[in-house]
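Student: In my numbering, the protein residues as written are 5 to 513. We put the CB at the ideal spot given by N, CA and C, even for glycine. For reference, the structure I am asking about is given below.
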Ligand code: SAH
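As structure tokens, then:
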């Protein structure tokens, strides 16, 4: 019989997901997840798992609690194994109990997988123990956002103010004035230490320390926004500034890792351990076109073209496949002049028996166009076999310079992962501080999806570029950019520690 699991995702750090939660995610047919459940945990789900987002978007819930409950029952009753993934622990202010009631009423069997609650973990990452033998022998978990339908507060403010417990308010940022006023009015010492911890255990963690009488004002002036916990009590003084976690050199820094398959994940985990918010640049998968009749026609009339410009290794590969399928070889290009953009493309042509007539020094459109103009491309027919969706800069500028350009799609690039939209948005919003390149091909892949002109808006002022070594840096230079960071040792750990050193020097400047 299928089951439904109510699963705690922990407070955000993917490492704080339990082993049991990971197994349930791997086995689930449907996963319904929340705003606070870190999306990177969804990587544990199977490839065909249906993922449904039930959290907030722009402050609004995408699904109401009633809709979530209905969906849970419906999916479970259709025979699917369902995992309902909730931030922290599902029974700590997550309306988990209500979801269980609804499922049981609907005749669905439910198991609970507890999670690490933020009350414990976010405090620990901020350097605050929840209890302490010397000053807090109890702790209270309190909602700062009571059911709006209740006529008056159910909290016994008097006993909370007198409890000498550590008080941890969930969902309390917007009500912070109210909470602190109530406690002060009921006799809590105004000097009682207080802290706010937002996005605890994640790369975006921030904390703010003050006293209960001053913290509402300080939170307001610093624009401290939810989700955060408000902690009140003497344990707050146990914190040593900054906490073990907040000391991490890349905490809060957005770093793009341009994937070269197996390499990227090791770089990613090292950087995450240094506190960075890591964004994986999408891998590109290459696919052939469905129809090659246009290419075949061009090959038949290949003598008409004065120049053939190959812009990538894959362009060469797919062009040659058709050439060979037509029982031809390099000799049929004998009348044409050949340009290769980039050394990898040039090498591939050499493998095919062609020594390119022109390889530009740098790979920006301007220098390619100038190089071809110097070779009298004006008025001539130029064939550019390349990816179906590629940037228009090169053909556009060649045409402007007077060439008759024919662009011929010979393969498709499809994103192996979700679109690069998220990364573009992160760059535009200023969330990215570093881009890392671990090989020349990661540079080339990056510029297949992101134009050098656009990147120039952010580099070098807002975004720093890190290359694993001088060869990768040279490839980057050919696109018009200088590497800001090159390690002494050309390895992934070397690159990570160079970033570490660089970020420390930025802080001390
Ligand atoms: N079940 C969750 C709490 C859900 S209520 C748990 O056990 O942690 C949502 C509130 O929890 C947020 O408004 C915020 O006050 C708190 N919260 C959850 N995750 C948090 C985090 N990583 N850092 C700080 N506060 C968090």
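(1) Identify, in the order they occur along the chain, each residue of the same chain with its Cβ nearer than 8 Å to the Cβ of residue 458, setting aside the five sequence neighbours on each side.
(2) Just to confirm the assignment: which complete beta strand (DSSP E) runs, minimum length 3, are found wholly within the segment 224-258?
(3) Using the Cβ count rule (16 or more neighbours within 10 Å means buried), how would you classify residue 448?
(4) Taking all protein chains shown into account, do 16 or more other C-beta atoms lie within 10 angstroms of the C-beta of residue 291, making it buried, or fewer, making it exposed?
(5) Among 68, 29 and 278, which has the Cα closest to the Cα of residue 55?
(6) Keeping to the same chain, check which residues put their C-beta closer than 7 Å to that of residue 216; ignore five residues upstream and five downstream.
(7) May I ask you to report which of helix, strand or coil DSSP gives residue 367?
(8) Who are the near neighbours of residue 389 in its chain, counting only those whose CB is closer than 6 Å to its CB and skipping five residues on each side?
(9) What separation, rounded to the nearest whole angstrom, lies between the Cα atoms of residue 480 and residue 471?
(10) Expressed to the nearest angstrom, what Euclidean distance is found between the alpha-carbon atoms of residue 416 and residue 289?
(11) Whole beta strand (DSSP E) runs in the segment 98-160 with 3 or more residues, listed along the chain?
(12) For residue 57, which of helix, strand or coil comes out of DSSP?
(13) If you run the structure through DSSP and keep just helix, strand and coil, what is residue 294?
(14) For residue 441 versus residue 476, is the C-beta spacing smaller than 7 Å?
(15) To the nearest angstrom, report how far apart residue 366 and residue 484 are at their CA atoms.
(16) Can you round the beta-carbon distance between residue 14 and residue 23 to whole angstroms, since I take them to be within the 8 Å contact cut?
(17) Identify, in the order they occur along the chain, each residue of the same chain with its Cβ nearer than 6 Å to the Cβ of residue 315, setting aside the five sequence neighbours on each side.
(18) Count the other CB atoms, across all protein chains shown, that sit within 10 Å of the CB of residue 158; report buried if there are 16 or more and exposed otherwise.
(19) Is residue 266 helix, strand or coil by DSSP?
(20) On the criterion of 16 or more Cβ atoms from any shown chain inside 10 Å, does residue 248 qualify as buried, or is it exposed?
(21) CB-CB under 6 Å to residue 405, same chain, minus the five flanking residues each way: which ones, in chain order?
(22) Taking DSSP as the reference, what is the three-state secondary structure of residue 388?
(23) On a Cα-Cα basis, can you pick out the residue from 65, 8, 368 and 116 that is closest to residue 83?
(24) Based on DSSP bridge pairs, tell me the residues matched to residue 362.
(25) Quick one: what's got a C-beta closer than 6 Å to residue 135's C-beta in the same chain, skipping five residues either side?
(26) Check whether the Cβ of residue 175 sits closer than 6 Å to any heavy atom of ligand 1, and report yes or no.
(27) Within 10 angstroms of its Cβ, does residue 181 collect 16 or more other Cβ (buried), or is it exposed?
(28) Taking 6 Å as the cut-off, does the CB of residue 93 come closer than this to any heavy atom belonging to ligand 1?
(29) Once DSSP output is grouped into helix, strand and coil, what is the label at residue 88?
(30) For residue 14, is the beta carbon positioned less than 6 Å from some heavy atom of ligand 1?
(31) Between residue 204 and residue 126, which are expected to be in contact by the criterion C-beta below 8 Å, what is the C-beta distance as a whole number of angstroms?
(32) When you compare only the Cα positions, how much space is there between residue 138 and residue 258?
(33) Starting from the N-terminal side, write out each stretch of the beta strand (DSSP E) that is 3 residues or longer and does not extend beyond the segment 397-453.
Tutor: Looking at the atomic coordinates:
(1) none
(2) DSSP assignment within the segment 224-258 yields the following whole beta strand (DSSP E) runs of 3 residues or more, N-terminal first: 232-236.
(3) buried
(4) It counts as exposed.
(5) 29
(6) 184, 187, 188, 192, 194, 196, 198 and 236
(7) coil
(8) 319, 323, 412 and 414
(9) Each residue's alpha carbon lies about 8 Å from the other.
(10) Between residue 416 and residue 289, the C-alpha separation is close to 8 Å.
(11) 114-117 and 143-147
(12) strand
(13) Here residue 294 sits in coil by DSSP.
(14) yes
(15) Counting only the Cα atoms, residue 484 lies some 7 Å from residue 366.
(16) Residue 14 to residue 23, Cβ: 12 Å. No contact.
(17) 345 and 390
(18) exposed
(19) Low confidence applies here, because residue 266 scores a pLDDT of 47, under 50, leaving its location unreliable; read the following figure in that light. If DSSP states are grouped into helix, strand and coil, residue 266 belongs with the helices.
(20) exposed
(21) 373 and 377
(22) strand
(23) 8
(24) 343
(25) Hits under 6 Å: 143.
(26) yes
(27) Exposed: under 16 other Cβ atoms inside 10 Å.
(28) yes
(29) strand
(30) no
(31) 2 Å
(32) Approximately 39 Å, taken between the alpha carbons.
(33) 408-419 and 438-441
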